[in-house]
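Report on one structure; see the data block that follows.
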Amino acid sequence: MPVNSQRMRGHHHPSPVELRRVPVNGIDLHVALAGDGPAVLLLHGFPHTWQLWTDVIDSLAGQYRVIAPDLRGAGGSTRAPDGYDAGTLADDAEALLGALGETSAAVVGIDAGTPPAFLLAMRRPDLVRQLVVMESLLGRLPGAEEFLAHGAPWWFGFHAVLGLAETVLSGHEADYLDWFLDSGTLGEGVDPAVRDAFVHAYTGTDALRCAFSSYRALPTSAEQIQRAVDTGRLTVPTLAIGAHPVGKALEQQLRPVADHLVGHVLEDCGHIIPLHRPKALLALLEPFLAASSG
Numbered sequence: 001m002p003v004n005s006q007r008m009r010g011h012h013h014p015s016p017v018e019l020r021r022v023p024v025n026g027i028d029l030h031v032a033l034a035g036d037g038p039a040v041l042l043l044h045g046f047p048h049t050w051q052l053w054t055d056v057i058d059s060l061a062g063q064y065r066v067i068a069p070d071l072r073g074a075g076g077s078t079r080a081p082d083g084y085d086a087g088t089l090a091d092d093a094e095a096l097l098g099a100l101g102e103t104s105a106a107v108v109g110i111d112a113g114t115p116p117a118f119l120l121a122m123r124r125p126d127l128v129r130q131l132v133v134m135e136s137l138l139g140r141l142p143g144a145e146e147f148l149a150h151g152a153p154w155w156f157g158f159h160a161v162l163g164l165a166e167t168v169l170s171g172h173e174a175d176y177l178d179w180f181l182d183s184g185t186l187g188e189g190v191d192p193a194v195r196d197a198f199v200h201a202y203t204g205t206d207a208l209r210c211a212f213s214s215y216r217a218l219p220t221s222a223e224q225i226q227r228a229v230d231t232g233r234l235t236v237p238t239l240a241i242g243a244h245p246v247g248k249a250l251e252q253q254l255r256p257v258a259d260h261l262v263g264h265v266l267e268d269c270g271h272i273i274p275l276h277r278p279k280a281l282l283a284l285l286e287p288f289l290a291a292s293s294g
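The opening residue of the sequence shown carries number 1 in the numbering used here; numbering runs sequentially from there.
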């Protein structure tokens with residue numbers, strides 16, 4: 001790790017976090033790197049950056065090489081005109097691991113990071129050692145009927161309309177993001193520094209366009225997910241973690257297509273698991289990762 005690594009403070013024994021730009025798949029990904037050992041790739045969702053993982057990086061970096069990119073279009077990564085479907089995001093993740101010299105990784109995805117994590121594991125079981133997915137749905141796979149009984153969450157439709165949300169929200173980004181950060185932590189909110197980093201990352205029409213592009217690509221992503229399960233099974237050891245509001249829906253979608261699946265639902269935990277209940281998350285994550293990291 002370069003000696004000029006930027007040091008970001010954690011809660012206990014801070015690991016130095018190196019921030020790097022890595023050219024992959026025609027774009028640059030802004031990536032946080034910490035620790036040494038078997039690779040663990042962390043894929044955030046909306047409205048997050050790599051700093052979603054702030055409270056778990058230190059613990060993981062004691063045993064693993066933690067790789068936490070800003071996804072395409074988010075944070076410090078290239079605001080590409082397209083490529084926000086889960087398949088292209090999976091290609092980005094695969095290319096990132098290759099660029100960093102990794103031939104095996106545990107892949108952890110939450111929210112919008114889950115579909116690309118899933119597709120990468122389906123396509124490259126030789127590369128993905130283990131899969132951890134949280135608080136998301138996988139396209140139109142059966143199992144989420146109860147969750148969707150009253151329709152998809154309201155913002156899915158709002159974000160899906162081309163050009164609308166970024167125009168309406170311009171100048172009001174902080175208010176909008178605060179709603180997600182508060183509801184995603186059951187009203188407790190997130191650390192002010194992390195909140196400010198998220199607001200900065202999603203301020204401006206172009207930043208918002210990128211964020212909403214993954215919602216606009218949901219039909220394409222759903223087709224990619226369906227094709228993957230039509231032609232193969234999820235063979236890597238998989239941990240599905242739910243909280244509020246997704247609960248068991250993701251586990252139920254995975255159950256018919258996965259060979260080795262463990263599911264957990266965290267009680268009294270909001271959608272933004274790594275910031276709301278990092279210790280509870282680590283209590284599930286660490287033994288699961290240790291089971292086949294040798």
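Even glycine gets a Cβ: it sits at the ideal position worked out from N, Cα and C.
Treat the numbers as computed from the prediction; the structure is a model and nothing was measured.
- With a cutoff of 8 Å on beta-carbon distance, Y84 and G73 are scored as near each other.
- Per DSSP, D28 is one residue of the beta strand (DSSP E) stretching across I27 to A34.
- Only buried fits P274, as 16 or more other CB atoms lie within 10 angstroms of its CB.
- Listed in chain order, the non-local C-beta contacts of A217 below 8 Å within the same chain comprise Y84, D85 and A86, local neighbours out to five positions each way being set aside.
- Distances from the CA of V161 to each of A211, L138 and A144 were compared; the closest alpha carbon is that of A211.
- Of H276, A243 and K248, the smallest CA-CA separation from P142 is found for K248.
- Only buried fits A112, as 16 or more other CB atoms lie within 10 angstroms of its CB.
- In the DSSP assignment, H200 falls within the alpha helix (DSSP H) that extends over P192 to A201.
- The beta carbon of F156 sits closer than 8 Å to those of Y215 and L218, all from its chain and outside the five residues before and after it, given in chain order.
- Closest option to L19, judged by alpha-carbon separation, among V56, S77 and G62: S77.
- With fewer than three CB-CB distances shorter than 8 Å, the region 221-237 does not count as touching the region 162-176.
- Here H150 is exposed, its C-beta having fewer than 16 other C-beta atoms within 10 Å.
- In terms of CA proximity to F180, F46 leads the group F46, V22 and A61.
- With respect to the C-alpha of G35, the residue from V199, T49 and Y64 having the closest C-alpha is Y64.
- Residue nearest to W53 within the set P38, L127 and P69 is P69 (criterion: CA-CA distance).
- I272 carries a coil assignment under DSSP once its states are collapsed to helix, strand and coil.
- A Cβ-Cβ contact shorter than 8 Å links L120 with A90.
- E94 sits buried, since 16 or more C-beta atoms from the chains shown fall within 10 Å of its C-beta.
- Taking each of T167, A222 and L261 in turn and checking the Cα distance to T205, the smallest one comes out for T167.
- In its chain, beyond the 5 residues on either side, P47, E173, L177, L208 and A211 have a beta carbon closer than 7 Å to the beta carbon of Y202.
- Of all alpha-carbon atoms in R195, L42 and K279, the one lying nearest the alpha-carbon of P116 is that of L42.
- For P278, the enclosing alpha helix (DSSP H) begins and ends at P278 to A290.
- Relative to D55, the option among D259, P38 and A283 whose CA is nearest is A283.
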